[in-house]
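Step one of this worksheet: look at the structure below.
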Amino acid sequence: MAGVRQWLDRTTETWAPPASGDLTSSFRFLLWLTRSQSRRVALGAVLSSCWMAGLAVTPWVMARVVDEGLVAGDAAALVGWASVLPAVGVLNALLGVGRHRTMTKIRMDASFRSIRATVWHTSRLGASLARRVSAGEVVTVGMADVQTVAQALTVTGPGVGAVVAYAAVAVVLFTISPLLAAVVLAGVPLLAIAVGPFLRRIERTSGEYRVHQARLTTGLVDVLAGLRVLNGLGGKTFMAERYGRQSRELVDRGYRVAGPSSWVGALSGGLPALFLAAVVWSSARMAAAGDITIGDVVAVYGYVAVLIVPVSSLIEGGGDLVRARVAGQRIIDLLNLPVAHDGDRDPVTIPAGCGPLADPHSGVIVRPGLFTALVAARPAEAIAVIERLGRLSGDSEAGVTWAGVPIAEVAREEFRRRLVVADNDAEVFAGSVRDIVAGRLKPDDGRIRAALRVAVAEDVVEALPGGLDAAVAAGGSDLSGGQRQRIRLARAVYCAPDVLLAVDPTSAVDATTEAVMIDRLREARRGLTTVITTTSPLVLDRADEVIVLADGHASSAGTHAELLRGDTGYRGLVSRALDDTEGDQVGR
244 MAGVRQWLDR TTETWAPPAS GDLTSSFRFL LWLTRSQSRR VALGAVLSSC
294 WMAGLAVTPW VMARVVDEGL VAGDAAALVG WASVLPAVGV LNALLGVGRH
344 RTMTKIRMDA SFRSIRATVW HTSRLGASLA RRVSAGEVVT VGMADVQTVA
394 QALTVTGPGV GAVVAYAAVA VVLFTISPLL AAVVLAGVPL LAIAVGPFLR
444 RIERTSGEYR VHQARLTTGL VDVLAGLRVL NGLGGKTFMA ERYGRQSREL
494 VDRGYRVAGP SSWVGALSGG LPALFLAAVV WSSARMAAAG DITIGDVVAV
544 YGYVAVLIVP VSSLIEGGGD LVRARVAGQR IIDLLNLPVA HDGDRDPVTI
594 PAGCGPLADP HSGVIVRPGL FTALVAARPA EAIAVIERLG RLSGDSEAGV
644 TWAGVPIAEV AREEFRRRLV VADNDAEVFA GSVRDIVAGR LKPDDGRIRA
694 ALRVAVAEDV VEALPGGLDA AVAAGGSDLS GGQRQRIRLA RAVYCAPDVL
744 LAVDPTSAVD ATTEAVMIDR LREARRGLTT VITTTSPLVL DRADEVIVLA
794 DGHASSAGTH AELLRGDTGY RGLVSRALDD TEGDQVGR
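All you need for this note's numbering is the position in the sequence shown, starting with 1, plus 243.
Okay, here's the thing in structure tokens:
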């Protein structure tokens, strides 16, 4: 695992995102991967060429053993040429090891670069990604397509080596018999004609299989995400049966891909064998007629037997390229998703400070440096405001400003550094508590513990073996809902942004914990802007300002006490929320 991390670090140092021209076709994407490690690819091609050409040296030496040693009766020549054979074998073995190691590095590099490009672009797309591409599509790209594309880069080594070895053998055979050389040179085009239709069928069926695979993966992701709800509603069995039917359909489509793939595999081994038999038969007849020597027959057999390796590599490389064309198209389709206004104009710098933030669509104006509560009878209305202020929806381009600067014109990196949206649906990745809370920032144990204290999550860490080093499962599945919520809030607090937009961050905790969380959050972010969506009277009472939404628009603003006295709608909303809270406590 440490070796993989070191390799990733070296790849990251030389990594640069693909240019738009590299994403016009799957083959251009493959060329980008090849150019990104051109020296290694060149080394792989040289080693593969030397290794495959070296395979032909053995039959040449065997011919010398037969003609100059056995047939001529020269013991010294026999011993001399026979002693060359082990040296040739050792040299070829070393070349084979170097070739294999280099090609493995090429595949790993291509895989990591593809994954890095995918992660880089999906992070630029942000929250809009979920509305444009299914989760199953992203998962399938990251798990299957990048590996298929990386595998295709083997053509840069064994593929080049196969061509070199094939040409070298043809030249050597020409010195023995022009007829045999002509037969060998005519063999590969005939093999290509035989395999070509199967490659085209693989491309067509692989594309269909790939689409249905993404759909099935999306369904699986959705089922796993809502498994507890499905179980509570009694729908788990129904979803399992439907997933089973779709899985069987995918298996049937997989058989359609496997059919032509198996033929390609069979032909890559069978046709060269028939080819070998034809050439050996011809050389044997020529030896019987006295046109070539017995040693030449041995050499011809060895040369053509060696040709099975490069010919098989060419056929397999063709199959890999066909599959990579399908997989590469899915990758570049994802990478070609446009990022709104990215690079259309020179980015604008946000002035120092915390705002104000203004959303003309709703009329909400968030004053800088205050702890603001956003309340609505329909929570979706408050969330929509947060998404616009946080630049998470297309509507954010319609006039939302920060200190008078349109946020659509601000560089995304700067915007995400200075404003953080804390959402209860935010992903909790697998890792240690330290890594989860630190997120993309450098871990600082003192700051991490302070952030955990603000989120009242110290007990979460204390309950886990290992403290900050304790491992948390993907999605925080080994934590309760309230624990996950507090860990998410601690991660947002650790970022120390100028503006924090939090979506109902206390919804999954009890009233006592909620009060402590809000008090600590207010204290920790004194002088900074914090906006919370909530209907909790306890939170509203602690807010510096409460903004009330009606039908998606700001209807009134003030302190909790002022609104209770002067806004009957707000008073009714708070009363309903208070009744709901008391009902929940009784239920407990």
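For every residue, glycine included, the Cβ atom is placed at its ideal position computed from N, Cα and C.
Residue i in three-state terms, based on DSSP
i      : result
Trp645 : strand
Pro261 : coil
Leu557 : helix
Val398 : helix
Ala393 : helix
Val376 : coil
Leu744 : strand
Ala542 : helix
Ala665 : strand
Glu670 : coil
Ala751 : coil
Lys685 : coil
Thr536 : coil
Pro421 : helix
Asp787 : coil
Arg765 : helix
Ser779 : coil
Gln493 : Checking the displayed sequence, the identity of residue 493 turns out to be Leu instead of Gln. Correct three-state label for Leu493: helix.
Asp810 : coil
Ala521 : helix
Leu635 : coil
Leu580 : coil
Leu722 : coil
Ala739 : coil
Thr802 : coil
Gly709 : coil
Closest by C-alpha distance to residue i, when choosing among the options
i      : options                           : result
Leu577 : Asn335, Ala804, Ser366 and Arg808 : Ser366
Leu732 : Asp753, Ile775 and Ser720         : Ile775
Tyr737 : Val426, Val618 and Asp678         : Asp678
Val186 : Pro261, Asp787 and Asn667         : Summary: the structure shown does not reach residue 186, with the chain confined to residues 244 through 831, and so no result is reported for it.
Thr592 : Ala654, Leu564, Val547 and Arg307 : Ala654
Pro671 : Arg690, Val715 and Pro686         : Note on identity: in this sequence residue 671 is Val, with Pro being the wrong assignment. The residue with the shortest Cα to Cα distance from Val671 is Val715.
Ile574 : Val382, Trp294 and His343         : Val382
Ala595 : Ala413, Arg359 and Asp741         : Asp741
Arg528 : Leu423, Ala620 and Leu662         : Leu423
Asp310 : Thr811, Gly264 and Thr536         : Thr536
Trp303 : Ser420, Leu743, Gly323 and Ala542 : Ala542
Glu235 : Arg683, Gly647, Ala665 and Val676 : It is not possible to answer for residue 235, since the shown part of the chain is limited to 244 through 831.
Tyr598 : Gly719, Gly264, Ser556 and Ala646 : Inspection of the sequence shows that residue 598 is occupied by Gly rather than by Tyr. With distances taken between Cα atoms, Gly598 lies closest to Ala646.
Ala325 : Leu313, Gly612 and Gly533         : Leu313
Ala285 : Val412, Trp524, Thr345 and Pro261 : Thr345
Ala751 : Pro708, Val699, Arg765 and Ala520 : Val699
Ala387 : Asp495, Tyr544 and Thr361         : Thr361
Ser779 : Arg769, Ala393, Ala767 and Thr756 : Thr756
Val759 : Arg729, Ala739 and Ala745         : Arg729
Leu662 : Ala717, Arg634 and Asp687         : Arg634
Ala619 : Leu816, Val289, Ala315 and Ser420 : Leu816
Ser556 : Val415, Gly709 and Gln394         : Gln394
Val582 : Val376, Leu368, Ile761 and Thr777 : Leu368
Supposed close pair residue i, residue j - CB separation, criterion 8 Å
i      : j      : result
Tyr409 : Leu276 : With a Cβ gap of about 25 Å, Tyr409 and Leu276 do not count as contacting.
Ala694 : Val680 : 6 Å
Ala567 : Leu792 : That pair is no contact at about 51 Å.
Ser279 : Arg356 : 6 Å
His796 : Gly606 : 5 Å
Val628 : Asp602 : 6 Å
Leu298 : Val547 : 12 Å between Cβ atoms; not a contact.
Arg763 : Arg696 : 7 Å
Ser292 : Val407 : 4 Å
Val789 : Leu806 : 6 Å
Ile349 : Thr399 : 7 Å
DSSP beta-bridge partners of residue i
i      : result
Phe614 : Thr773
Leu600 : Val609 and Trp645
Ser675 : Ala714
Glu701 : DSSP, once it has assigned bridges, lists no residue as partnering Glu701.
Leu792 : Ala619 and Ala797
Val653 : Val591
Alpha helix (DSSP H) runs contained entirely in the region 255–331, provided each spans 4 or more residues: Whole alpha helix (DSSP H) segments, 4+ residues: 269–278, 281–298 and 300–307.
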